[in-house]
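In our numbering, the protein residues as written are 351 to 548.
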């Protein structure tokens, strides 16, 4: 019995009339299974911290990268067209690191309390959720590039169970990226600073 048939067994028949499982779905399911196992190993607090770091990192980068751009321009005399992208990445990474370190601290405290299996089981759930969010961000970027380069297998994607629903997740949480073009959305909503090219 193939992997596609096994997975389809758990999918409502109404969906199966419109879609067939393909290699994209197999890859997605494999990644989500990895997230489940890794989440169980890491435990709830680390998984929540990583998920929160990702969400807050995206939100913070969208709303505060203009401030980072100002600082970078002042410190390094940056006025190039890449300032916006660099400041976005720096803000995103900085927020993720801070939130993750806070999570590690809380995890150490809870491990000392020996909460055990419950924490690991909840961690497995959040591990899957985190992977879905990561894949959604990735798919948004791929779709954005595909609008100009047309390199994605559109027929396979349109027949996929999971690709489009997952790709739509981040735009539904962050309407600023709706439409798939994250860079254009950032440029429309950024706060322009005098003398700084973003």
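Glycine included, each C-beta is placed from N, C-alpha and C at the ideal position. Values in this document were obtained by computation on a predicted structure and should not be read as measured data.
Nearest by alpha-carbon distance to residue i: which of the options is it?
i: residue 395; options: 474, 522, 488; result: 474
i: residue 412; options: 391, 443, 382; result: 443
i: residue 372; options: 503, 521, 460; result: 503
i: residue 522; options: 477, 492, 498, 483; result: 483
i: residue 389; options: 419, 470, 454; result: 470
i: residue 392; options: 421, 456, 426, 410; result: 456
i: residue 421; options: 408, 441, 410; result: 441
i: residue 408; options: 426, 445, 425; result: 445
On the criterion of 16 or more Cβ atoms from any shown chain inside 10 Å, does residue i qualify as buried, or is it exposed?
i: residue 416; result: buried
i: residue 403; result: buried
i: residue 508; result: exposed
i: residue 467; result: exposed
i: residue 486; result: buried
i: residue 451; result: exposed
i: residue 437; result: buried
i: residue 447; result: exposed
i: residue 378; result: buried
i: residue 295; result: The requested residue 295 is not part of the displayed model; the chain covers only 351 to 548.
i: residue 459; result: exposed
I need the DSSP call for residue i, collapsed to helix, strand or coil.
i: residue 502; result: coil
i: residue 392; result: helix
i: residue 510; result: coil
i: residue 519; result: helix
i: residue 372; result: coil
Am I right that residue i and residue j are in contact with their C-beta atoms under 8 Å? What's the rounded C-beta distance?
i: residue 382; j: residue 478; result: 5 Å
i: residue 553; j: residue 406; result: Outside the displayed span of the chain (351 to 548) sits residue 553, for which this structure offers no information.
i: residue 434; j: residue 419; result: 6 Å
For residue i, which residues in the same chain have their Cβ closer than 8 Å to its Cβ, ignoring the five residues on either side in sequence?
i: residue 481; result: 381, 382, 384, 385
i: residue 506; result: 372, 373, 374
i: residue 495; result: 501
i: residue 453; result: 395, 396, 398, 399, 400, 402, 403
i: residue 439; result: 411
Near residue i, which residues of its chain fall below 7 Å by C-beta distance, leaving aside the five closest residues on each side in sequence?
i: residue 541; result: At residue 541, the pLDDT of 47 sits below 50, so the modelled position is not reliable; the number obtained from the coordinates is stated separately. 416, listed in sequence order.
i: residue 476; result: 389, 394, 397, 398, 401
i: residue 492; result: 502
i: residue 472; result: 394
Beta-carbon within less than 6 Å of residue i's beta-carbon, same chain only, minus the 5 sequence neighbours each way: which residues are those?
i: residue 364; result: Residue placement at residue 364 is flagged as unreliable, the pLDDT there being 48, under the threshold of 50; the coordinate-derived value follows with that caveat. The answer is none, since no qualifying residue turns up.
i: residue 414; result: 441
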